[in-house]
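The block underneath contains the structure these notes are about, expressed in C-alpha cells.
This is the structure we're talking about:
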C-alpha cells in the first residue's frame, strides 16, 4: 500500500464528516496524523483542487465534487473560490477576498498553494482590520459613522513594530487613500510579509481582494496587484453572484 495516498484519503474522509468544514488541527487529530504531515497533505489536496480553504477551515473542492457530480458542477456558475484559484495560478501569489458585512470584516475565501502559502491567521482578521491591507481597504470604504463604530468595537493596537500605533494615526492614513488605488501594508500584521489590497465594486456590498508575498520577494507585490486589478472586471460576474446567494 502507498502510505501517503492512504493518509490523504483519511483526511478527505475526515473533511467529509464536517458539513461546514474543519481546521487543520481537528482534521489531523481525526485522521490520526501528525499536524505537519496533515498540513502538508491538506495543502497538496487544496492545490490539486480536492479541498478548498475558507475562513480557516477545509472543505471539499471542485475536484472532489467532480468525482460524483461532474455534470452538475459544469452547469453551475463559477464561485468566488474558483475565481481566486484561477488568479492564484495565473499570478503565482495567494489571493484573498473579504467583505464588510453587518459591521464586521468577513474573510470569505482564500486561494493559496504549497509554494505560495497564505498568511497564517495568528490574530483574528475580523478584530485586527487596522493592521492588514484587506482590512484597511475595507475600513477605507466605510463612511465616517460606520468606521468610528467599528473602531469603538475593535480598538487599534499594534501587532508588530511596523503596525499603525493608534486610532488617530490609522484615521489619518485612511484619509490619504486614493479611490480605487491599492492599499499597501508592510509587516504590520505578520513579520516577513507584505500585502496589497484593492477595493471591489460589488453593488451595495463593500468588498476587497488582496494578495501577499514574502518580504524577500517584495518586488513582486506591485506588479502582481496591478495584474489582479487589471483583470478584476472579469471576476466580478462570479463574485457578485456568489455573495448574493
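Numbering (UniProt numbering), first residue to last: 1 to 245.
Glycine included, each C-beta is placed from N, C-alpha and C at the ideal position.
Could you check what DSSP says for residue 226 in three-state terms: helix, strand or coil?
helix
Sequence-distant residues of its chain with Cβ nearer than 7 Å to residue 267 (five each side left out)
Residue 267 is absent from the structure shown; the chain starts at 1 and stops at 245.
Determine which residues share a DSSP beta bridge with residue 53 and list them.
58 and 110
DSSP-derived helix/strand/coil call for residue 36
Helix.
Put residue 231 into one of helix, strand or coil per three-state DSSP.
helix
With residue 194 and residue 218 assumed to form a contact (beta carbons below 8 Å), what rounded beta-carbon distance in angstroms separates them?
5 Å
Take the Cβ of residue 149 as the centre, count every other Cβ of all protein chains shown within 10 Å, and call the residue buried at 16 or more, exposed below.
Residue 149 comes out exposed.
For residue 243, which residues in the same chain have their Cβ closer than 8 Å to its Cβ, ignoring the five residues on either side in sequence?
Legend: pLDDT at residue 243 = 48, less than 50; position of this residue unreliable, no value from coordinates given.
Reduced DSSP secondary structure (H/G/I, E/B, other) of residue 246
What the structure shows of the chain is the stretch from 1 to 245, and residue 246 is not part of that stretch, so it cannot be assessed.
From residue 102 to residue 31, what distance separates their C-alpha atoms?
36 Å
Among the residues of its own chain, which have a CB less than 8 Å from the CB of residue 44, if the five just before and after it don't count?
Excluding sequence neighbours, residue 44 sits near 8 and 114.
Using beta-carbon positions only, say whether residue 110 and residue 53 come within less than 8 Å of one another.
yes
If you count every other CB in all the chains shown that lies within 10 Å of the CB of residue 82, and 16 or more means buried, which is it?
buried
Starting from the Cα of residue 246, find the closest Cα among 158, 42 and 167 and give me that residue.
Given that the chain is displayed from residue 1 to residue 245, the structure contains no residue 246 and the question cannot be resolved.
Bridge partners - residue 185, DSSP secondary structure assignment:
195
May I ask you to verify whether the stretch 87–94 touches the stretch 122–141, counting CB pairs closer than 8 Å and requiring at least 3?
Segments in contact, no.
Return helix, strand or coil for residue 211, following the three-state DSSP convention.
strand
Helix or strand or just coil, what does DSSP make of residue 77?
Note that residue 77 scores a pLDDT of 44, beneath 50, so its modelled location is shaky and nothing firm can be said.
Taking the alpha-carbon positions, what's the residue 245 to residue 38 distance?
Per-residue confidence for residue 245 stands at a pLDDT of 30, beneath the threshold of 50, marking its modelled position as unreliable; the derived number appears in the next sentence. Near 32 Å, if we compare the C-alpha coordinates of residue 38 and residue 245.
Buried or exposed, going by whether 16 or more other CB atoms sit within 10 Å of the CB of residue 27?
buried
What is the DSSP secondary structure of residue 128, counted as helix, strand or coil?
coil
Backbone CA spacing between residue 63 and residue 225 [nearest angstrom]:
27 Å
Cβ-Cβ distance between residue 196 and residue 171 below 8 Å:
no
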